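J.: Under my numbering, residue 388 is the last one in the sequence shown; the count climbs by one each step, no gaps.
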Amino acid sequence: MRKKLFLLVAMLMSWAVCARAQQMGAAVNTFMDFPASAHLAALGGNNVSALSTDAMSAVGNPALLSTDFDKLLHLNYSIYMVSSGYGSAAYNFSISGNDAFSVGFLFAEYGTMHGYDENGIHTGDFSAQDFALYATYSRRLNKYFRIGATVKPVLSTYETYTSFSLGADLGVQYMDTVKLWSVGLAVRNIGGRVAKPYGAAMGPDMLPVNVTFGFTKRFSKAPFAISVTMQNLQKWDYDFATNDYKEDAGAVNAGLMIARKFIIGLDITPKSDKFWISLSYNFDRGLSLANPYVLSLAGLSGGFGFKLYMFSIGAAVACYSTSAVTAHFSLAMDINGFNKKKL
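(1) Decide if Gly132 is buried, meaning its Cβ has at least 16 other Cβ atoms within 10 Å, or exposed.
(2) Are the beta-carbon atoms belonging to Phe114 and Asn137 less than 8 Å from one another?
(3) Buried or exposed: which applies to Val256, given that a residue is buried once 16 or more other Cβ atoms fall within 10 Å of its Cβ?
(4) Buried or exposed: which applies to Met77, given that a residue is buried once 16 or more other Cβ atoms fall within 10 Å of its Cβ?
(5) Among the residues of its own chain, which have a CB less than 6 Å from the CB of Thr112, if the five just before and after it don't count?
(6) Are there three or more Cβ pairs, one per stretch, closer than 8 Å when the region 92-109 is compared with the region 225-240?
(7) Could you spell out the range, first to last residue, of the alpha helix (DSSP H) harbouring Leu332?
(8) Enumerated in chain order, which unbroken segments of the beta strand (DSSP E) with a length of 3 residues or greater are wholly contained in the region 145-208?
(9) Which residue's Cα is closest to the Cα of Val104: Asn187, Phe150, Leu96 and Ile322?
(10) How long is the line joining the alpha carbons of Leu334 and Ser346, rounded to whole angstroms?
(11) What residues in its chain sit with their C-beta under 7 Å from that of Asp250, if we drop five residues either side in the sequence?
(12) Pop quiz: Ser19 and Lys241 are said to be a contact at Cβ under 8 Å. What is the actual Cβ separation, rounded to whole angstroms?
(13) Ordered along the chain, which non-local residues of its own chain (more than five positions away) have a Cβ less than 6 Å from that of Lys352?
(14) Among Gly216, Thr205 and Ile166, which residue has its Cα nearest to the Cα of Ser45?
(15) Pull up the CB-CB distance for Ala272 and Ala86, whole angstroms please, since I reckon it's below 8 Å.
(16) Would you check if the distance between the CB atom of Asp312 and the CB atom of Ala270 is smaller than 8 Å?
(17) Checking the sheet assignment: what are the DSSP bridge partners for Thr261?
(18) Are at least three pairs of beta-carbons, each pair with one atom in the region 154-168 and one in the region 184-196, less than 8 Å apart?
(19) Are the Cβ atoms of Gln279 and Lys306 separated by less than 8 Å?
(20) What does the Cβ neighbour count give for Arg185, buried or exposed, with the cut at 16 atoms within 10 Å?
(21) Just reading off the alpha helix (DSSP H) that Ile313 is part of, what are its end residues?
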């Protein structure tokens, strides 16, 4: 079993290396990096080891999809900036005592924009959207380990231009229910664009690959859990643009580069799991948006949620810019509640 798990982890890392080798510069369909639920947003936008009742955590790590989420419907929407927003929906069900399956979609809408030609003549208004379907399968291997995989076709429509991409996620989780430890590793967005808009010979083709490792520790005598997540482990060549030159990552403080990888999250949950409060700090976001002349909460996220009968409701806020706050809302419904009511 240990040899199989070692081979699995090695395969995940090799996939990431190959994908990163193909991804030069910017990536397409970066909306798939947006947090899929209010709880994920409150935990910094990325978490691969969370010990929670949030079924959408499987978007970050498909191995987190559990049979505990059987017949759970999840709806999410985030108000981004101006008239833009994004959201997701998923339905989860168990195939057996060890196998779980989920189907869903992610979308982003960027509002209505005004079109002009090269002469400044108004050509009409247009819209832009991204849409991705996905299917996730996970399997419990033994008492401690669970693996998962996701396949997701992506359709993008910008004005009259359309493109199609195909991606996949792979993940593994180690969980000790006695010592209350969870460790996760995921490689997300493996793949790229398979159909470009007509005439688009140049530009990025790869999806935004993200290799993420993290652990979560819950305390038996205290109602909270701490998560430490390291993201974008495949990327160490950060570039920083200034007014008159581009500074290579080699000249940037190494400690600062390492710090950008981390997300620190705190989950406050009672044993009953009837509500949660989460706070986090995303160092990469905070450092990227830092401005010595403007007081900003960029990098900070927070949220809360509660369970009411067969419904779970969550809300979170996060700062992705120095000028706006994004609000996230989630609603989950346990379909099993209908059967219990009949009984």
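Virtual Cβ for every residue (Gly too), placed ideally from N, Cα, C. Just so you know, these numbers come straight off a predicted model, no measurement behind them.
T.: Let's see:
(1) Along the sequence shown, read from residue 1 onward, the residue named residue 132 stands at position 87. Answer is buried; the Cβ neighbour count reaches 16.
(2) Indexing the sequence shown from 1 puts residue 114 at position 69. Indexing the sequence shown from 1 puts residue 137 at position 92. Yes, the Cβ-Cβ distance between Phe114 and Asn137 is below 8 Å.
(3) Locating residue 256 in the sequence shown gives position 211, counting from the first residue. With at least 16 other beta carbons inside 10 angstroms of its own, Val256 counts as buried.
(4) Taking the sequence shown and counting its residues from 1, the one referred to as residue 77 is at position 32. Buried, because 16 or more other Cβ atoms sit within 10 Å of the Cβ of Met77.
(5) Translated into the one-based positions of the sequence shown, residue 112 becomes position 67. Around Thr112: Ser139 and Ala145.
(6) Output reads yes: the region 225-240 touches the region 92-109.
(7) Working through the sequence shown from its first residue, we reach residue 332 at position 287. Counting along the chain, the alpha helix (DSSP H) containing Leu332 begins and ends at Phe328 to Ser333.
(8) Counting only runs of 3 or more, we get 167-185 and 190-203.
(9) Your numbering for residue 104 matches position 59 in the sequence shown. Per the Cα distances, Phe150.
(10) Along the sequence shown, one-based indexing puts residue 334 at 289. Along the sequence shown, one-based indexing puts residue 346 at 301. Cα to Cα, the separation comes out at about 14 Å.
(11) Translated into the one-based positions of the sequence shown, residue 250 becomes position 205. Residues Val73, Gly237 and Arg238 of the same chain have their beta carbon placed closer than 7 Å to that of Asp250, with the five preceding and five following residues left out of the count.
(12) Beyond the ends of the chain as shown, which are 46 and 388, falls residue 19; an answer cannot be given.
(13) Numbered from 1 along the sequence shown, position 307 holds the residue referred to as residue 352. So the qualifying residues of the chain are Lys319.
(14) Only positions 46 to 388 of the chain appear in this structure, which leaves residue 45 out of reach.
(15) Taking the first residue of the sequence shown as position 1, residue 272 is located at position 227. Taking the first residue of the sequence shown as position 1, residue 86 is located at position 41. One detail in the question is off: residue 272 reads as Ser in this sequence, not Ala. So it is not a contact: roughly 14 Å between Cβ atoms.
(16) Here residue 312 is taken as the residue at index 267 of the sequence shown, counted from 1. Here residue 270 is taken as the residue at index 225 of the sequence shown, counted from 1. Yes, they are a contact pair.
(17) Sequence index remark: in the sequence shown, residue 261 carries index 216 (1-based). Answer is Ser227 and Ser272.
(18) Proximity of the region 154-168 to the region 184-196 falls short of the contact definition, fewer than three beta-carbon pairs being nearer than 8 Å.
(19) For this step, residue 279 is matched to residue 234 along the sequence shown. For this step, residue 306 is matched to residue 261 along the sequence shown. No, the Cβ-Cβ distance between Gln279 and Lys306 is not below 8 Å.
(20) Within the sequence shown, the letter at position 140 stands for residue 185. By the neighbour-count criterion, in which 16 or more other beta carbons inside 10 Å mark a residue as buried, Arg185 falls on the buried side.
(21) Position 268 of the sequence shown, counting from 1, holds the residue named residue 313. No alpha helix (DSSP H) contains Ile313, which is instead part of the beta strand (DSSP E) from Phe307 to Ile313.
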